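Okay, so here's the structure we're looking at.
2 protein chains.
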Amino acid sequence: MTPPVHEHDGAGSRHAHTGAWIAAVLRRRIAAGLLTPGSKLSEQKLSVELGVSRNTLREAFGTLVAESVVVRIPNRGVFVASPGAEDVREIYRVRRVIEPSAVLWGTPAERELEAMDAIVRRAAEARDAGSVPGMADANQALHQAVIALTGSQTLQVLMDRVLARMRLVFHTMSTTPDFHPHYVERNIGLVACLRAGRPEEAARMLRDGLDAAEGEILARIEARAPDPEVRHRAVPVTPIRNK
Amino acid sequence: MTPPVHEHDGAGSRHAHTGAWIAAVLRRRIAAGLLTPGSKLSEQKLSVELGVSRNTLREAFGTLVAESVVVRIPNRGVFVASPGAEDVREIYRVRRVIEPSAVLWGTPAERELEAMDAIVRRAAEARDAGSVPGMADANQALHQAVIALTGSQTLQVLMDRVLARMRLVFHTMSTTPDFHPHYVERNIGLVACLRAGRPEEAARMLRDGLDAAEGEILARIEARAPDPEVRHRAVPVTPIRNK
DNA sequence: ACCATCGGATTGTTGAACAATCATTGTCTC
DNA sequence: GAGACAATGATTGTTCAACAATCCGATGGT
């Protein structure tokens, strides 16, 4: 039995708005894969486990629902979101609009170019070392750097949420193939184009890369789930009874 | 005295999740200008006025905070957001990324082109009739149609929120000048470009229009508030005691 | 095998209570 | 009289306990 003590789950601040804190804890657990997609988050269990009131937990659920990290089904409870093929398509719709636009019209200063250079160098090292998580991290970092070109806080948090959702997609796939080496090369070319002052070409390259990635992931997803959209009942994929 | 009865505030659905319902009511009141920017939303008063529990009202506040329609200051309460110059800049950062990208890479079908044609025609009629709200509505409709080109639900709701924020900006300005006739012409040209199959030119036109609009609004804002950013104390602009 | 009914469990919502914090007022000192 | 300081009152943050409404699963009848 875990005692109802507040695990010092990083982010030390003691009691800065308990609801947001609980939301952060759950967000981290979901991102780490401790809470698998489709599993139910029972109000009673979690409230005693985290040592907060059911009301406060409910508030946390609210923010998580707003972020689409969990799904609330009325009178049934909240479940960790399990994104399907349509969700993947939506994710790439968003990325295809925002990221190419960022490289096309965001004028990168020398600072930013240097940062992106460092990132792709790190990615290349990770590839040579065969480190898949290293490549994944670098890939993610590069996309965040691209978003940063817009200078918009709003777009930053939006894309952070999209990325969190993408991580959930990967969690639903038991075997994650490594298309990452492909991406490393693409990203190198992208930064080179930006350096050369050819934003149109960079944007086109980015769009092609996104199309390719979406295609691969969709193929991988739809192979496993021949009936991806038909989730009208919104039933959790696996009624996992956590613990 | 308004009785604590639930005003049948449109959007008929009877009691689909009370918290969301209350949030919708408040959202509408704010958009309508009944709740002016900077005014405080007292938990006690509103809970009795709307006939819901303080807890439920709190949940509604949570969603409104997530939408940045209201601002919560710890231990002080929630206030209707009063966007300043920096917020306007952020709004246009977002629009400059998303809207030109939508017209550039979203391939409009005949249906959508026709819809946009109808909108600009409506705008022209409103201009000839001297109807400022008519022009404003048409302008808003056109931008929503542009966003719809992406086919992305996520971007749609994002831009809806941005637009709501923009409405708040206008509410903070006592006198709203009508730059709308300018926009009508611009929009006509934009749709024409799209019809002619020149998305690059349309995108450029859209960007120029956004730049111009931002400039005009910023000038109007910074003239009134020579010290726009210094809101560290986050004090409501006017400590309005509503009623 | 199919359908209805019932019971238990979980969610949705409320009301009251308490601690913590902020704003205001009043008092004291200089 | 002006400013620092403490007491007071009001509001928010959070918890607890309760109830109605709903859903899930099992039981039982045909």
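So the sequence lines, in the order shown, correspond to chains A and Z.
Numbered according to the working numbering, the first sequence spans residues 1 to 243.
Numbered according to the working numbering, the second sequence spans residues 244 to 486.
For every residue, glycine included, the Cβ atom is placed at its ideal position computed from N, Cα and C.
None of the values given here were measured: they were computed from a predicted structure.
Mind pulling the chain Z residues with CB within less than 8 Å of residue i?
i	result
I221 (chain A)	Simply none; closest approach about 19 Å.
Whose Cβ in chain A lies nearer than 8 Å to the Cβ of residue i?
i	result
T350 (chain Z)	Result: empty, since nearest Cβ-Cβ is about 12 Å, beyond 8 Å.
Leaving out five residues on either side along the sequence, give the residues of the same chain with a beta carbon under 6 Å from the beta carbon of residue i.
i	result
G209 (chain A)	R186
V480 (chain Z)	Low local confidence applies: a pLDDT of 43 at V480 (chain Z) is under 50, so the model's placement there is unreliable, with the coordinate-based value given in what follows. Cβ within range, chain order: G281, S325.
E459 (chain Z)	F422
K283 (chain Z)	G320, F322
G349 (chain Z)	L392, T393
D211 (chain A)	none
Considering residue i, what are the terminal residues of the beta strand (DSSP E) in which it resides?
i	result
R271 (chain Z)	Not the beta strand (DSSP E): R271 (chain Z) falls in the alpha helix (DSSP H), residues 261–275.
R111 (chain A)	Taken as a continuous stretch (DSSP letters only), R111 (chain A) belongs to no beta strand (DSSP E), being part of the alpha helix (DSSP H) at 110–128.
V71 (chain A)	70–73
G38 (chain A)	No beta strand (DSSP E) holds G38 (chain A); DSSP gives it neither H nor E.
G77 (chain A)	77–80
Spatial neighbours of residue i within its chain, please: C-beta separation below 8 Å, excluding the five flanking residues on both sides.
i	result
E443 (chain Z)	L347
R89 (chain A)	E214, L218
I147 (chain A)	I98, E99, A102, L155, Q156, M159
L411 (chain Z)	I273, P280, V312, V323, A324, S325, P326
E67 (chain A)	R27, R161, A164
P424 (chain Z)	R370, M378
S53 (chain A)	S47
A263 (chain Z)	A303, T306
R301 (chain Z)	E286
H17 (chain A)	none
Which residues of chain Z have a Cβ atom closer than 7 Å to the Cβ of residue i, listed in chain order?
i	result
G62 (chain A)	E302, G305, T306
L158 (chain A)	L401
N55 (chain A)	N298
Leaving out five residues before and five after residue i in sequence, what residues of the same chain have Cβ atoms less than 7 Å from its Cβ?
i	result
V184 (chain A)	A123, A124, R127, M135
A141 (chain A)	I119
R220 (chain A)	M173, P177
R438 (chain Z)	L356
V94 (chain A)	V162
A115 (chain A)	A145
I want to verify the contact list: residues of chain A whose CB lies under 7 Å from the CB of residue i, in sequence order.
i	result
Q387 (chain Z)	Chain A residues near Q387 (chain Z): none, gap ~15 Å exceeds 7 Å.
P317 (chain Z)	H17
E333 (chain Z)	S152, Q153, T154
A309 (chain Z)	T63, A66
I need the boundaries of the alpha helix (DSSP H) containing residue i, first residue and last residue.
i	result
G244 (chain A)	With chain A represented from 1 up to 243, any question about residue 244 (chain A) goes unanswered, as that position is not in the structure.
A346 (chain Z)	Position check: residue 346 (chain Z) holds Val in this sequence, whereas Ala was assumed. Here the alpha helix (DSSP H) through V346 (chain Z) covers 328–348.
V405 (chain Z)	396–415
D134 (chain A)	Per the sequence presented here, residue 134 (chain A) reads as Gly, with Asp not at that position. Taken as a continuous stretch (DSSP letters only), the alpha helix (DSSP H) holding G134 (chain A) covers 132–148.
Going along chain Z in order, which residues have a C-beta closer than 9 Å to the C-beta of residue i?
i	result
I98 (chain A)	V340, I341, S344, L398
T150 (chain A)	R336, V337, R339, V340
Enumerate, from N- to C-terminal direction, the unbroken alpha helix (DSSP H) stretches of 4 or more residues contained entirely within the stretch 419–463 of chain Z. Whole alpha helix (DSSP H) segments, 4+ residues: 423–438.
Count the CB pairs spanning the stretch 373–383 of chain Z and the stretch 351–359 of chain Z that are closer than 8 Å, and state whether there are at least three. No, the stretch 373–383 of chain Z is not in contact with the stretch 351–359 of chain Z.
Does the pairing of the stretch 334–343 of chain Z with the stretch 445–463 of chain Z give three or more beta-carbon distances under 8 Å? yes
Taking 8 Å as the threshold, find out whether the stretch 286–295 of chain Z comes into contact with the stretch 42–57 of chain A through three or more Cβ pairs. no
At a cut of 8 Å, does the stretch 303–314 of chain Z reach the stretch 50–69 of chain A through at least three beta carbon pairs? The stretch 303–314 of chain Z vs the stretch 50–69 of chain A: in contact.
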